[in-house]
Amino acid sequence: MMRQGIRKHLPNRALKAGLPPGSLVYIGRSKKAASAETRITLMTFENGTVSEQEVQSVADLVPLKPAPAITWINVDAVHDAKLLAEFGEAFHLNPLLLEDILNTEQRPKSEHLEGLTYVILKLFDFQAQQEEILSEQVSIVLGDNFILSFMEEVSDEFEPLRIRLRTNSQRLSTLGTGYLAYSLLDSIVDSYFGVLEKIGERLEYLEDTLGGEQPPNILQNVHRLRRELIFLRKNIWPVRDMINMLQHLDSEKLIPVQPYLRDVYDHTIQVMDTLESYRDLLSGIQDLYLSVLSYRMNDVMKVLTVMSSIFIPLMFIVGVYGMNFKYMPELESHWGYPLTWTFMILTALGMLAYFRHKRWI
Amino acid sequence: MMRQGIRKHLPNRALKAGLPPGSLVYIGRSKKAASAETRITLMTFENGTVSEQEVQSVADLVPLKPAPAITWINVDAVHDAKLLAEFGEAFHLNPLLLEDILNTEQRPKSEHLEGLTYVILKLFDFQAQQEEILSEQVSIVLGDNFILSFMEEVSDEFEPLRIRLRTNSQRLSTLGTGYLAYSLLDSIVDSYFGVLEKIGERLEYLEDTLGGEQPPNILQNVHRLRRELIFLRKNIWPVRDMINMLQHLDSEKLIPVQPYLRDVYDHTIQVMDTLESYRDLLSGIQDLYLSVLSYRMNDVMKVLTVMSSIFIPLMFIVGVYGMNFKYMPELESHWGYPLTWTFMILTALGMLAYFRHKRWI
Amino acid sequence: MMRQGIRKHLPNRALKAGLPPGSLVYIGRSKKAASAETRITLMTFENGTVSEQEVQSVADLVPLKPAPAITWINVDAVHDAKLLAEFGEAFHLNPLLLEDILNTEQRPKSEHLEGLTYVILKLFDFQAQQEEILSEQVSIVLGDNFILSFMEEVSDEFEPLRIRLRTNSQRLSTLGTGYLAYSLLDSIVDSYFGVLEKIGERLEYLEDTLGGEQPPNILQNVHRLRRELIFLRKNIWPVRDMINMLQHLDSEKLIPVQPYLRDVYDHTIQVMDTLESYRDLLSGIQDLYLSVLSYRMNDVMKVLTVMSSIFIPLMFIVGVYGMNFKYMPELESHWGYPLTWTFMILTALGMLAYFRHKRWI
Amino acid sequence: MMRQGIRKHLPNRALKAGLPPGSLVYIGRSKKAASAETRITLMTFENGTVSEQEVQSVADLVPLKPAPAITWINVDAVHDAKLLAEFGEAFHLNPLLLEDILNTEQRPKSEHLEGLTYVILKLFDFQAQQEEILSEQVSIVLGDNFILSFMEEVSDEFEPLRIRLRTNSQRLSTLGTGYLAYSLLDSIVDSYFGVLEKIGERLEYLEDTLGGEQPPNILQNVHRLRRELIFLRKNIWPVRDMINMLQHLDSEKLIPVQPYLRDVYDHTIQVMDTLESYRDLLSGIQDLYLSVLSYRMNDVMKVLTVMSSIFIPLMFIVGVYGMNFKYMPELESHWGYPLTWTFMILTALGMLAYFRHKRWI
Amino acid sequence: MMRQGIRKHLPNRALKAGLPPGSLVYIGRSKKAASAETRITLMTFENGTVSEQEVQSVADLVPLKPAPAITWINVDAVHDAKLLAEFGEAFHLNPLLLEDILNTEQRPKSEHLEGLTYVILKLFDFQAQQEEILSEQVSIVLGDNFILSFMEEVSDEFEPLRIRLRTNSQRLSTLGTGYLAYSLLDSIVDSYFGVLEKIGERLEYLEDTLGGEQPPNILQNVHRLRRELIFLRKNIWPVRDMINMLQHLDSEKLIPVQPYLRDVYDHTIQVMDTLESYRDLLSGIQDLYLSVLSYRMNDVMKVLTVMSSIFIPLMFIVGVYGMNFKYMPELESHWGYPLTWTFMILTALGMLAYFRHKRWI
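Chains as they are written, first to last, in numbering that gives the first Met the number 0: chain F, 0 to 360; chain B, 0 to 360; chain G, 0 to 360; chain D, 0 to 360; chain Y, 0 to 360.
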């Protein structure tokens, strides 16, 4: 998954400037993704049996089993424009949307074109130590008897789902590819909660350190976290509209799973709610930190002022009797020294009483 | 009720990752709730008479009395997935919603499915000392001749309502289960005012301490209160939409109580208004505190500056006559010492006049 | 009118917890109101003549003169649940709304039920010295041939209206009770301008003191004013919707006065606009005050720094020649003392030039 | 034009309290306006010829030339209630709107009543030195063959329009009174750009002074400008809705000029956009100023700290050898004095190196 | 492109005050543009062949080839009112919109009038060093068989598009002028990403410098960047509505390219999203900077306080034994001097321990 600070907030479209619309170029910053080997795995559900295989080329995929059977084709590390062009031809994908699949800095969106439903969204991971969110694009194409899923990197995000489907594909048989699409979306949105959990822990950690005696300098951390929350919000916000759109799509594949989609929709709302709360909490933590700074500054200044105010008059007094005038009667007196001490002690006590009265000490 | 600082802002869904939809698992953080013993109480209203009993299993509940009679089944400490599954079977509850009842970190919501109306919301309690909001989930299922209420903990929230119903169940007979549902919602929303009252008192306390001479360090308190208000807002906001939805639901059980629901709706608006006011007041208190800090810093600095500015010149003068030069005519003079004092006193008075003019003292 | 700081932001519903809906209990905090004697005054308009009388009980009121005549019944200091119950019976008032009349912490609202129109809103007064808003609830019930107005306290708010009606009740005869209702609303909304005027003067006063040489500590004032503005906004905002609703109500009593209601509506918009401006102005004043604090702190620090920076090096020099080393050639020199002075004066001038260059002095 | 600081944010309705609706009283604060002499000028467009004259009374106006001819009657310094009443009678103006024309603290609004279209809005002027916005109310009444314009003061705002119409009244003949109304509105909205230009220059000036070496105290200026922007926004915002309403009014006089009104509408949008930008810029300037203050405070403190930290240890050292103990071996040593100097110089250099390392100097 | 700080936020309409609507005057501030020579280039697409030529006058343009052929006329440095008037006549352009083309401070807008579609928007460039956005207006007129594009300056913005069209004009033949219009819009919106990329790099640079040890004074930079973002937002926001309007325009030229326009629309959303993120990031950077200032101030104050608090008591002690009293027993003692040193060292260590305990050092 890519890691790039502020840069990730910017769609890297400059690379495509001057190309005609529909050009297939991989626009992603993930070096790891670009160098990983593309892997195509196939999972077929037919009459309650599940078969899995790994294929090398698109040619090995077609023809797919006809409609009662369901085929799920997952492509990891999708950065090979040529391969994608073959997919486009084999499955009659729209060129503009093929382009969006390769451009992994796409805003989440879904479209329904020529009988196929396209869904593009993001997976996230949060590195607590660097306070950095990594992201990876997932594109899903939903056909009558197949589902294509394109992952930007080699990912095991869908492994739990696969395990479940191997042992229990009953509901899938009943509800068709729509249910599989729902399952993919559901596991993606569910993964957002994991990311939120990690961010929540980090927020809690920051909050706890602030509550302690010696709050460390957490400015950079707060700033980084806020930056990442902005990034997350920007990328999750459209998912809500997207799933809402799927929910109301008049597609015969999706109508049977509408109650399920509604559940996913509720989850995205919950994710958004939590993100908003986090933003509020984060700005609360920042305010708290700034007031802690102010409070401690007050503290430091009080120490300085108390020390100075007590000793400066005393230093003046001892300075006076350090003068070398020939005629200073006090210096000759036997009681001069002890009286001076007495006077100085009284002065110091007076200042202490004053500061105690002001509650500075 | 659960108490967990920032963690409560996060739905704890990680526990369910990988489970198929509709799995019944208790997802709550309340240890107290998880260990408490489930209690099922039954209250039957028939022909103006009220009968109450406590049962051990779901089997003891069915068959319920038919429609003119109304049965209210309350389940305290609902964390037993098996028991809930039995309820699901006996009352034909929807599996997805059964799951929501067990997942006590649900966002408030209501659904109308297969003739049953489901309402899920929260009860709150505010611990003024820790400035912490405790929450507990309440789920209500409304059928033709029965109402199910599932509480996350053992709770006496509905006790006043029970007392009222024992003596006066007339309106209940006329208006049916809808009136009972309204009564439950009404006592829940009314309890929100109690929580608001407690928070208001805490706000008032903070405001008062700030008005005093020596404002204490209330940063943590303000931060905690704000965190709790965010939590409350997030959990009460959907209640408004929920009750609005119930109000416009075309359900024959709810239509007779629509004016009552409108009353509850007005109350939730009032709760939201008050919450918004509290947020504003809290940020006002924070601003006030920060300006108090600034103001006091100014004060401290003035004392330091006045003390230093008066004594530093004097110390310089006495330093001059503490020098050991052989030829310093002033030292020999008889008037040197008294003249020096005079000069120093005039200097000090001049500085005092200057600071008085600047209104620093 | 009641005065209670932050407490007024909170609906005092705790008193009613456990009571069935429709219970008549006075929920107000105004002690003055609770102890004042209820006063019922009657004003009848018939064939262009106006008759006024004060009655002791509801029984003296009925039967009212029939429809072409208009009767305005005003009840001051309404806190007697029994009396209100009698009113309810005599005029067929809805029990839920009777309850709202007694609960003087109601959110402004209007309802049209069973041929009667209910309007509940607030009167305000601003105590400039305490920066406190006092409020009083007014409830108006509009029937075919009568208007009931219930005031929380003994009030002369409607006296100017009465004077006007005594001499000129022509339009009232033409337009019916709707015009009387409009007149009451109009004089209430007009009174808001008086409150705004007072608050505006207070804002102006605060702004002026800040512009002076020695801005006083106005933190508490700003905080209190903001609290009161929040309170006002919360209570006036719903009035807008309320009057809008009356304007579009399909009631034969109100249709003839719709242009008048539109005028009142424009006034409430103007009130809201002004309130928003005040909020902005107030936060502007707060920002200004905080920057004044910062600016003055800078000033204080500059004096300290300039004083210290000039005298500290000088004190070091005189300290050097105050040392008691046996072999210090300078001390023996005849020119040592005057040269030291020269050097010190040059040093001081250098520092002064430096600070002048930095524009600190 | 009136000038009154915060007071202008407040509608001065207190003067009208107790008067029946429709009472004609001049409610304006402009003394200049109240004392100026009312002037009525007449401009008649007929068959391509333009005639102008000044009249003394309303009686001299009527009867107007019939419909193909267009008469524009402009009234400067409208504060005479009697005169306005005569206008009301002669042109059948609505009493409520006549009242609004005299109440020069009206919110901008437009109404279409009994075949006449009323438009009330404001002219502004910005006094850059005092950072004060002056305002003047303009009321326009649009009839079939006439336009009335009432100005609060004696104004030459429409002079350029008059000059244009004298030489070129062709389009006016084609498009009728609607075009004249549009021309008036257009020249008013255009004048807003002039005000914005002046405010923009003031903002630029403030920004520039902040960029300099010694930013002056611009707090008051920023505060005043913000106050005036709030005032402007409050008075221009409704103009947008007003013109939008005129645009969609089904009036046969206005339909032919709809594309022109759309142009004016675009301009008001642009004015609002610019006002919003100004608000953002102003708060940016305030933030900048506050950070400049912080930055300079840092600077001042660094000088103080560096001076103190270097000289305080040195003063301690010279203090030590200023002690009068009998047995201090160093004092007797021949090398004591030069070694002390060496040590002090090294200490000072060490401190300097430390602060240089910290980049404080 | 023009560069003018705050001034660019202001539409320079003052120049036009008093002119009748539809007057052709160049209202732009770009001196460069005003002095550049106007250049008219022609690109004709017919039967798959592309021909290009540069013409001197409008007369050389007409008659255009009829509808199956497509002519793209591009005018650079459009500031010559006479030339534009000729264009207006030759292509039947609406005078109000011609005026908008010359007024290069137009808000982005699109209109469909008399069979022609007008689109006016802006090109931007970001000068990273001065943190300044330069802008240039582009106006596009879409007819049946021609497209006019008017650039404020001599620009090579469309060069890549031209190159593409020379080699591949197939889709253009199929989809007609609508596709050419889309291509122009697409390359303009795409250029926004380049500007965003540059701003993003600048933000990143600011963020990085703040993360370093010695954050420089970046106040001015942050302020300037914010000002430019406000400017950008104000000018890009309407583009979204504009393209949305084009998308839903019932124009036979645009209907075939609706999916393409939708793509452009998505891009403008992405641009707006990114702009919003930038605003948030920028205010995050400002907050960070202010807290860094506070933190460092704390640091400076601690050094001062620690130094003063350690040495001031010591200086008092040495002052005491610098007094010249005749009878000071300590001075006579042999152990006086070493004991004093011991005491002073212990005092200093005590203070150090105290500050270490407070974590100030």
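Ideal Cβ placement from N, Cα and C applies to all residues, glycine included.
In chain B, what lies closer than 9 Å to residue i by C-beta?
{"i": "VAL238 of chain F", "result": "None at all; the shortest Cβ gap to chain B is about 16 Å."}
With DSSP as the reference, label residue i as helix, strand or coil.
{"i": "GLU51 of chain D", "result": "strand"}
{"i": "ILE69 of chain B", "result": "strand"}
{"i": "MET322 of chain B", "result": "coil"}
{"i": "GLY199 of chain F", "result": "helix"}
{"i": "MET1 of chain D", "result": "Interpretation of MET1 of chain D is limited by its pLDDT of 40, a score under 50 that renders its predicted location unreliable; no figure is taken from the coordinates."}
{"i": "LEU63 of chain F", "result": "coil"}
{"i": "PHE310 of chain B", "result": "helix"}
{"i": "ARG358 of chain B", "result": "coil"}
{"i": "PHE157 of chain D", "result": "coil"}
{"i": "GLU151 of chain Y", "result": "coil"}
Kindly list, in the order they appear in chain B, the residues whose Cβ is closer than 8 Å to that of residue i.
{"i": "PRO215 of chain F", "result": "The contacting residues do not exist; PRO215 of chain F stays about 16 Å from chain B at best."}
Residues of chain G with CB under 8 Å from residue i, in chain order?
{"i": "ASP286 of chain B", "result": "HIS222 and GLN285"}
Using a cut-off of 8 Å between C-beta atoms, extract the partners of residue i located in chain F.
{"i": "GLN136 of chain B", "result": "Under the 8 Å cutoff, chain F gives no residues; its nearest Cβ is about 14 Å from GLN136 of chain B."}
{"i": "ARG295 of chain B", "result": "ASN297"}
In chain F, which residues lie less than 7 Å from residue i when you measure between Cβ atoms?
{"i": "HIS333 of chain B", "result": "TYR326"}
Listing by chain order, which chain D residues have their CB less than 9 Å from the CB of residue i?
{"i": "ASN234 of chain G", "result": "Chain D residues near ASN234 of chain G: none, gap ~19 Å exceeds 9 Å."}
{"i": "ASN243 of chain G", "result": "Correct list: empty, because the minimum Cβ distance to chain D is about 15 Å."}
Residues of chain Y with a CB under 8 Å from the CB of residue i: which are they?
{"i": "VAL74 of chain F", "result": "Here the premise fails: no neighbours, minimum Cβ distance about 23 Å."}
{"i": "ARG225 of chain F", "result": "ASP279 and GLY283"}
{"i": "VAL317 of chain F", "result": "PHE315, GLY318, VAL319, GLY321 and MET322"}
Determine the chain Y residues that contact residue i at a beta-carbon separation under 9 Å, and present them in chain order.
{"i": "LEU292 of chain F", "result": "SER290, SER293, TYR294, MET296 and ASN297"}
Legend entry - Contained alpha helix (DSSP H) runs [length at least 4] in the stretch 78 to 149 of chain B, N- to C-terminal order: Runs of the alpha helix (DSSP H) lying entirely within the stretch 78 to 149 of chain B, each at least 4 residues long, are 80 to 90 and 94 to 101 in chain order.
Legend entry - Touch test, the stretch 265 to 272 of chain G against the stretch 197 to 205 of chain G, Cβ-Cβ under 8 Å, three pairs minimum: They do not touch, by the three-pair rule.
Inset, instruction - Give a yes or no on contact between the stretch 81 to 93 of chain G and the stretch 110 to 119 of chain G, applying the rule of three or more CB pairs nearer than 8 Å. - result: Contact between the stretch 81 to 93 of chain G and the stretch 110 to 119 of chain G is present, with at least three C-beta pairs closer than 8 Å.
Inset, instruction - Take every Cβ of the stretch 150 to 163 of chain D, pair it with every Cβ of the stretch 173 to 187 of chain D, and state whether three or more of those distances are shorter than 8 Å. - result: With the rule of 3 Cβ pairs closer than 8 Å, the stretch 150 to 163 of chain D counts as touching the stretch 173 to 187 of chain D.
Legend entry - Residues, ordered as in the chain, of the stretch 300 to 313 of chain F that lie near chain B by beta-carbon distance below 8 Å: Cβ contacts with chain B: MET300, LYS301, LEU303, THR304, SER307, SER308, ILE311 and PRO312.
Legend entry - 4 or more residues per run - each alpha helix (DSSP H) lying fully within the stretch 238 to 298 of chain G: If we require 4 residues or more, the stretch 238 to 298 of chain G turns out to have no alpha helix (DSSP H) run fully inside it.
Legend entry - At least three beta-carbon pairs within less than 8 Å, the stretch 309 to 317 of chain F to the stretch 232 to 246 of chain B: The answer is no - the stretch 232 to 246 of chain B does not touch the stretch 309 to 317 of chain F, with fewer than three Cβ pairs under 8 Å.
Inset, instruction - Would you list, in chain order, the members of the stretch 91 to 107 of chain F that have their beta-carbon closer than 8 Å to a beta-carbon of chain Y? - result: Listed by position along the chain: LEU95 and ARG106.
Inset, instruction - Could you name the residues of the stretch 120 to 153 of chain D whose beta carbon sits closer than 9 Å to any beta carbon of chain Y, in the order they occur along the chain? - result: From the stretch 120 to 153 of chain D, no residue has a Cβ closer than 9 Å to chain Y.
Inset, instruction - Report the residues of the stretch 52 to 75 of chain B with a CB closer than 7 Å to any CB of chain G, ordered along the chain. - result: Residues passing the 7 Å Cβ filter: none.
Legend entry - Contact between the stretch 68 to 76 of chain F and the stretch 102 to 113 of chain F (3+ Cβ pairs under 8 Å): No, the stretch 68 to 76 of chain F is not in contact with the stretch 102 to 113 of chain F.
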